[in-house]
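What follows is one structure encoded as structure tokens, with my remarks underneath.
Protein chains: 2
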Amino acid sequence: MTARRTGLREQKKQATRQALREAALRLALERGPDNVRVDDIAEAAGVSPRTYNNYFSSREEAIVAAVTAERESRVAAAIAARPDGVRLADAVADAVVEQYTDPGTRQGDALVLITTRPALREAFVDAAARVEEPLTDAIAARICDRDRDAARVLAASVAAAIRIALDRWTSGTAGAPAVPGGLVVPSGPLPDLLRAALAPLAPALNAAEERAAARD
Amino acid sequence: MTARRTGLREQKKQATRQALREAALRLALERGPDNVRVDDIAEAAGVSPRTYNNYFSSREEAIVAAVTAERESRVAAAIAARPDGVRLADAVADAVVEQYTDPGTRQGDALVLITTRPALREAFVDAAARVEEPLTDAIAARICDRDRDAARVLAASVAAAIRIALDRWTSGTAGAPAVPGGLVVPSGPLPDLLRAALAPLAPALNAAEERAAARD
DNA sequence: TACAAAAAGTGCGCGTACGCAAATTTGCGC
DNA sequence: GCGCAAATTTGCGTACGCGCACTTTTTGTA
Chain A
1 MTARRTGLRE QKKQATRQAL REAALRLALE RGPDNVRVDD IAEAAGVSPR
51 TYNNYFSSRE EAIVAAVTAE RESRVAAAIA ARPDGVRLAD AVADAVVEQY
101 TDPGTRQGDA LVLITTRPAL REAFVDAAAR VEEPLTDAIA ARICDRDRDA
151 ARVLAASVAA AIRIALDRWT SGTAGAPAVP GGLVVPSGPL PDLLRAALAP
201 LAPALNAAEE RAAARD
Chain B
217 MTARRTGLRE QKKQATRQAL REAALRLALE RGPDNVRVDD IAEAAGVSPR
267 TYNNYFSSRE EAIVAAVTAE RESRVAAAIA ARPDGVRLAD AVADAVVEQY
317 TDPGTRQGDA LVLITTRPAL REAFVDAAAR VEEPLTDAIA ARICDRDRDA
367 ARVLAASVAA AIRIALDRWT SGTAGAPAVP GGLVVPSGPL PDLLRAALAP
417 LAPALNAAEE RAAARD
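Read top to bottom, the protein sequences are chains A and B.
Note that my numbering gives residue 214 to position 214 of the first sequence, counting from 1, and the numbers run on in steps of one.
Counting the second sequence from 1 gives a position; my numbering is that position plus 216.
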């Protein structure tokens with residue numbers, strides 16, 4: 001179901017997409033994001049400028065995608081991986097924290113770049129919206145596949161909470177002084193911010209779960 | 217607090233904004249949205265094209281704003297107007313339904329226009345995100361002004377629910393046959409869609425309210 | 001292997017979005 | 001009234017986003 005489309009086609013497509021976002025990030029780091037034209041990225045990735053816009057609808061999107069990558073869809077997988085015993089709210093919170101923490105975000109240089117430029121920051125924060133779709137499936141599966149509409153609302157709410165946490169994280173970062181170690185981006189509070197943002201939604205998530213259980 | 221800025225300045229600004237969105241809608245209705253250039257709207261409103269983009273960051277935004285207007289901020293006011301006795305979830309649902317129903321949306325012609333063109337539909341649906349800020353204030357006031365962070369998450373969740381309801385409404389509309397009366401847009405189900413979308417969030421809203429009450 | 005259908009890549013052209021700096025307008029104290 | 005500082009408007013130039021039609025590549029089938 002993942003690689004439904006035949007094979008070589010989809011394979012090359014993903015390769016091109018990856019080449020584009022890596023080229024975008026590399027060039028942005030090398031010369032600063034303001035000195036990178038779309039044409040440069042396309043050329044570096046070996047495709048035409050027009051093709052670039054078939055993959056990304058803005059310059060910022062490609063750069064951010066290099067850091068974000070497939071994180072959004074992994075959140076859904078992480079939730080599905082949790083045992084059925086744990087409460088839905090906990091499963092979601094743990095999965096989100098797990099996926100939005102270090103492993104995927106270890107690109108320190110890229111993050112300072114993103115948090116510095118407002119346009120990139122906005123694109124980075126807005127990228128959280130992409131969890132909605134996979135998350136809808138994951139939550140729908142937990143609440144027994146009924147009431148997909150409720151699952152979508154809950155997923156969108158979780159996405160909004162993540163967005164708020166990231167917004168706070170990246171903006172609070174700007175004002176905060178660099179830690180002695182030399183890192184400008186304090187990665188410490190992010191898990192806390194995520195959990196705090198998700199906490200208010202816990203009653204809704206658990207209630208949906210209970211409602212589903214009561215029906216069976 | 218509403219008209220904080222001196223007076224004549226802000227007044228003219230609002231006048232210009234209104235002139236722009238009304239011109240945008242009028243021209244779009246007259247010749248179809250694809251035959252309206254930004255220059256035309258600016259000229260009709262008596263400002264330069266560049267000024268247009270000081271007020272709206274896309275062509276769709278102005279057209280949609282003519283319908284949306286100040287609805288988002290009125291939702292917050294409507295919530296504040298509810299007596300303290302009613303549960304927060306009910307107050308929110310009632311206020312949202314009240315504001316997103318007929319009075320402001322009676323522009324039938326404009327709505328068929330918007331639901332027809334994908335770009336306008338998207339702009340219309342995304343406009344719901346503008347409730348987040350005023351709604352945050354309204355909810356924060358209800359939960360005793362503490363924990364503004366939770367209020368923001370809840371407000372963003374409500375905004376997401378509204379967005380989903382509008383999305384369903386405008387898309388479902390496209391496929392539905394015109395009612396005998398001649399109207400293509402069935403305004404009937406919108407309140408139902410809104411309530412259904414908001415329902416899953418009720419536990420979270422009420423829990424926040426109770427938590428605040430328990431602290432006092 | 002050959003071939004037709006489908007899908008991805010490409011070039012072109014138009015209209016848009018926005019940074020920048022000059023010009024104009026507004027608000028306020030005197 | 002007068003003039004100055006701040007805010008707003010405007011023109012210009014650049015780069016971007018994307019629809020469209022066309023070319024190239026991949027896929028499934030005979």
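The C-beta atom is built at its ideal place from N, Cα and C for all residues, glycine as well.
None of these values were measured; they are calculated from a predicted model.
{"Check": "Assigned exposure category for Q11/A - 16 Cβ within 10 Å defines buried", "Outcome": "exposed"}
{"Check": "Check whether L135/A and A161/A have beta carbons under 9 Å apart", "Outcome": "no"}
{"Check": "G324/B in three-state terms, based on DSSP", "Outcome": "helix"}
{"Check": "Spatially closest choice to R211/A from R142/A, L190/A, P189/A, by CA coordinates", "Outcome": "R142/A"}
{"Check": "Cβ shell of A344/B (< 7 Å), same chain only, five flanking positions each side left out", "Outcome": "A375, I378, R379, L382"}
{"Check": "Residues within the stretch 134-154 of chain A neighbouring chain B, beta-carbon criterion of under 7 Å", "Outcome": "D149, A150, R152, V153, L154"}
{"Check": "DSSP state of D149/A mapped onto helix, strand, coil", "Outcome": "helix"}
{"Check": "Helix, strand or coil at V252/B according to DSSP, with G and I counted as helix", "Outcome": "coil"}
{"Check": "CB contact below 9 Å: P203/A versus chain B", "Outcome": "yes"}
{"Check": "Among L88/A, A214/A, T116/A, nearest to L198/A - alpha-carbon criterion", "Outcome": "L88/A"}
{"Check": "Where I143/A sits in the DSSP three-state scheme", "Outcome": "coil"}
{"Check": "Length of the line joining the Cα atoms of R337/B and E259/B", "Outcome": "25 Å"}
{"Check": "Below-9 Å beta-carbon distance, L198/A vs any chain B residue", "Outcome": "yes"}
{"Check": "Euclidean distance between Cα positions of M217/B and R368/B", "Outcome": "Below a pLDDT of 50, predicted positions are generally treated as unreliable, and M217/B, at 42, falls in that range; no measurement from the model is reported."}
{"Check": "C-alpha distance - V254/B paired with R82/A, whole-angstrom precision", "Outcome": "52 Å"}
{"Check": "Alpha-carbon spacing of V280/B relative to G32/A, whole angstroms", "Outcome": "36 Å"}
{"Check": "Near-chain B residues of the stretch 16-50 of chain A - C-beta to any C-beta below 7 Å", "Outcome": "none"}
{"Check": "Secondary structure of L236/B, DSSP reduced to three states", "Outcome": "helix"}
{"Check": "Cβ shell of T284/B (< 6 Å), same chain only, five flanking positions each side left out", "Outcome": "A343"}
{"Check": "Distance, A296/B Cα to E61/A Cα", "Outcome": "39 Å"}
{"Check": "Interface flag, N270/B vs chain A, CB-CB below 9 Å", "Outcome": "no"}
{"Check": "Residue-level contact to chain A via CB, A335/B, 9 Å cutoff", "Outcome": "no"}
{"Check": "Helix, strand or coil at E286/B [DSSP, three-state]", "Outcome": "coil"}
{"Check": "Cutoff 9 Å: A167/B Cβ touching any chain A Cβ", "Outcome": "Here chain B has residues from 217 to 432 only, and residue 167/B is not among them."}
{"Check": "Beta-carbon proximity check, A292/B vs E314/B, cutoff 9 Å", "Outcome": "no"}
{"Check": "Beta carbon proximity, A430/B to chain A, threshold 9 Å", "Outcome": "no"}
{"Check": "Rounded straight-line distance, which links the Cα of A418/B to that of E425/B", "Outcome": "11 Å"}
{"Check": "Boundaries of the alpha helix (DSSP H) in which Y55/A is found, first to last residue", "Outcome": "49-55"}
{"Check": "CB contact below 9 Å: I380/B versus chain A", "Outcome": "yes"}
{"Check": "Beta-carbon separation (whole angstroms), T331/B vs P407/B, contact threshold 8 Å", "Outcome": "At roughly 17 Å, the Cβ-Cβ gap does not stay under 8 Å, so T331/B and P407/B are not in contact."}
{"Check": "Nonlocal neighbours in the same chain, by C-beta distance under 6 Å from T386/B, ignoring five residues either side", "Outcome": "T331, R337"}
{"Check": "Buried or exposed (CB count within 10 angstroms, at least 16 for buried), D147/A", "Outcome": "buried"}
{"Check": "Contact check, L241/B vs A326/B, beta carbons under 9 Å", "Outcome": "yes"}
{"Check": "Proximity of R225/B and Y271/B at Cβ, strictly below 9 Å", "Outcome": "no"}
{"Check": "C-alpha distance - A95/A paired with D361/B, whole-angstrom precision", "Outcome": "30 Å"}
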